[in-house]
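Number of protein chains: 2
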Amino acid sequence: MTVMLDDSCHLPLSTIRLTTKQKAVLTQLERLQEAVSAQQLYTELRQHGESLGLATVYRALELLKLRGLVQSRTTTDGEALYSPIQQDQHYLTCLQCGSSVPLGFCPLQEMENQLRRSQAFTIYYHTLEFFGVCKPCGQKVEKV
Amino acid sequence: MTVMLDDSCHLPLSTIRLTTKQKAVLTQLERLQEAVSAQQLYTELRQHGESLGLATVYRALELLKLRGLVQSRTTTDGEALYSPIQQDQHYLTCLQCGSSVPLGFCPLQEMENQLRRSQAFTIYYHTLEFFGVCKPCGQKVEKV
DNA sequence: TAAAATAACGATAATCATTCTCATTGTACC
DNA sequence: GGTACAATGAGAATGATTATCGTTATTTTA
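Read top to bottom, the protein sequences are chains V and D. Residues in the first sequence are numbered from 236 upward in steps of one, following our numbering. Residues in the second sequence are numbered from 236 upward in steps of one, following our numbering.
Put into structure tokens, the structure is as follows:
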């Protein structure tokens, strides 16, 4: 069975075909509020009774990224976190403890639109992240 | 032997002590124009006659990041690329072929300064990256 | 300066997210 | 129904990064 989506995204294709498993991955991702890793997604899908393999989750995420439906960012310890692309959510991340505080805004919409107009590149999304040291960690650093 | 640097950075400490090896890592990083992986850095340092271990390179980079002297971003295939922090350089990255085109500008200086003023977080640097599909890959995608 | 305490180092093993392999199953098209 | 092809699952392979641990350099203290 394949699921058809309407073309409300920035793809040149008029329709996007997704398999049931791929749709399950996307749906679960949309259900969750925060960005999650592929491993977490896999575990949650299994718990929800979905029967699929870990490799399939990775493959689905890869495909969804290429289709412009999913985006990812990488944590300080090298794990990729995925989220549906409409969430224009960015973070303030502590280099020491790795904690991330979500930013409440994004100043890049206009610039992204400008870049979109340049023909050389089709832009799906951007990542923006500020790195530094949070207050508690900063106090520890002074003592080092 | 330890090397002393003056406090021209945003650290609370008045001086930063670096060992010879740590300084070698930083110097090599400053010598190179583009962001490089820890492994590349290791190889280059060995070729330049420097005698150090891979683990030391990783440890040095970690420490330099915490000191606010070095920053990193992660490529699409999960490798961390390091660069000296003064380079305010961002990229346009193709999700399909992974190629990165450097952006010639950064619109975030003012916002970063504003965030710096908020006391809760000490900001060292930010990352900004646009993701999409480059022209050649875009033509391939249409055929998929 | 010498000895003790501490931090940095090197080599390599361990970890762990991600990707690859390949046999199997599902789907599209005739 | 049958053939071609894409998707899947299970587990092995990969490869960057991190941990371990014995050794060496540096700092501190007497």
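The beta-carbon is built from N, C-alpha and C at its ideal position, and this holds for glycine as well.
Inter-residue Cα distance where the pair is D/PRO319 and D/LEU304: Looking up residue 319 of chain D in the second sequence gives position 84. Looking up residue 304 of chain D in the second sequence gives position 69. D/PRO319 and D/LEU304: Cα-Cα distance of roughly 6 Å.
Reduced DSSP category for V/ALA314 - H, G, I as helix; E, B as strand; rest coil: Translated into positions along the first sequence, residue 314 of chain V becomes position 79. According to the sequence as given, residue 314 of chain V is Glu; it is not Ala. Here V/GLU314 sits in coil by DSSP.
Endpoints, the beta strand (DSSP E) within which V/LEU363 is located: Sequence index remark: in the first sequence, residue 363 of chain V carries index 128 (1-based). Secondary structure note for V/LEU363: its beta strand (DSSP E) is the uninterrupted segment 356–369.
Within chain D, partners of V/VAL368 - CB distance below 7 Å: Here residue 368 of chain V refers to the residue found at position 133 when the first sequence is read from its first residue. Ordered by position in chain D, the residues that pass the 7 Å Cβ test against V/VAL368 are THR357.
Which of helix, strand or coil DSSP assigns to D/ARG252: Sequence index remark: in the second sequence, residue 252 of chain D carries index 17 (1-based). Strand.
CB contact check: V/CYS244 to chain D, cutoff 9 Å: The sequence position of residue 244 of chain V within the first sequence is 9, counting from 1. Model confidence at V/CYS244 stands at a pLDDT of 32, short of 50, so the residue's coordinates are unreliable; what they give is reported in the following sentence. No, because no Cβ of chain D sits closer than 9 Å to the Cβ of V/CYS244.
Bounding residues of the alpha helix (DSSP H) (the contiguous stretch that carries V/LEU299): Position 64 of the first sequence, counted from the first residue, corresponds to residue 299 of chain V. Segment 289–301, the alpha helix (DSSP H) holding V/LEU299.
Three or more C-beta pairs below 8 Å linking the segment 362–374 of chain D and the segment 330–341 of chain D: Verdict: yes, contact present.
Cutoff 9 Å: V/THR362 Cβ touching any chain D Cβ: As a position in the first sequence, residue 362 of chain V is number 127, starting the count at 1. Yes, because at least one Cβ of chain D sits closer than 9 Å to the Cβ of V/THR362.
Simplified DSSP state of V/CYS372, which is helix, strand or coil: Mapped onto the first sequence, residue 372 of chain V falls at position 137. V/CYS372 falls in the helix class under three-state DSSP.
Interface flag, D/ALA270 vs chain V, CB-CB below 9 Å: Stepping through the second sequence from its first residue, residue 270 of chain D is reached at position 35. No, D/ALA270 does not count as interfacial toward chain V.
Residue from D/ARG302, D/THR255 and D/TYR317 with nearest C-alpha to D/GLN268: Position 33 of the second sequence, counted from the start, is the residue given in the question as residue 268 of chain D. Per the Cα distances, D/TYR317.
Reduced DSSP category for D/LEU327 - H, G, I as helix; E, B as strand; rest coil: For the purposes of this step, residue 327 of chain D is taken as the residue at position 92 of the second sequence. Note: D/LEU327 maps to strand in three-state DSSP.
Beta carbon proximity, V/VAL376 to chain D, threshold 9 Å: Working through the first sequence from its first residue, we reach residue 376 of chain V at position 141. Confidence is the limiting factor: at V/VAL376 the pLDDT is only 48, short of 50, which leaves the residue's position unreliable, though a coordinate-based value still follows. At least one chain D Cβ lies under 9 Å of V/VAL376.
Nearest-angstrom Cα separation, counted from V/GLN344 out to D/CYS329: The residue labelled residue 329 of chain D in the question sits at position 94 within the second sequence. The residue labelled residue 344 of chain V in the question sits at position 109 within the first sequence. Their Cα atoms are separated by approximately 19 Å.
The segment 272–289 of chain D in contact with the segment 301–315 of chain V per 3-pair CB rule at 8 Å: Touching, no.
Beta-carbon proximity check, V/VAL368 vs D/LEU301, cutoff 9 Å: Position 133 of the first sequence, counting from 1, holds the residue named residue 368 of chain V. Position 66 of the second sequence, counting from 1, holds the residue named residue 301 of chain D. A contact, by the Cβ cut-off of 9 Å.
Proximity winner among D/SER334, D/GLU347 and D/CYS332, relative to D/ASP323 (alpha-carbon distances): Taking the first residue of the second sequence as 1, we reach residue 323 of chain D at position 88. Nearest of D/SER334, D/GLU347 and D/CYS332 to D/ASP323, Cα basis: D/GLU347.
V/CYS244 in three-state terms, based on DSSP: Residue 244 of chain V sits at position 9 when you count from the first residue of the first sequence. With a pLDDT of 32 at V/CYS244, under the threshold of 50, the modelled position of that residue is not reliable, and the figure given next carries that caveat. Coil, per DSSP.
Within-9 Å CB hit, D/LYS300 to chain V: Locating residue 300 of chain D in the second sequence gives position 65, counting from the first residue. The beta-carbon of D/LYS300 is placed less than 9 Å from the nearest beta-carbon of chain V.
Cutoff 6 Å; reference V/ARG281; Cβ partners in own chain excluding five residues on either side: Residue numbering aside, residue 281 of chain V sits at position 46 when the first sequence is read from its first letter. Excluding residues within five positions, none has a Cβ falling inside 6 Å.
Distance, D/LEU264 Cα to D/THR254 Cα: Taking the first residue of the second sequence as position 1, residue 254 of chain D is located at position 19. Taking the first residue of the second sequence as position 1, residue 264 of chain D is located at position 29. Cα-Cα distance, rounded: 15 Å.
Whether D/THR309 touches D/GLY333 by CB criterion (9 Å): Here residue 309 of chain D is taken as the residue at index 74 of the second sequence, counted from 1. Here residue 333 of chain D is taken as the residue at index 98 of the second sequence, counted from 1. Cβ atoms of D/THR309 and D/GLY333: not closer than 9 Å.
Minimum Cβ-Cβ distance from D/CYS332 to chain V less than 9 Å: Position 97 of the second sequence, counting from 1, holds the residue named residue 332 of chain D. With 9 Å as the cut-off, D/CYS332 does not count as an interface residue toward chain V.
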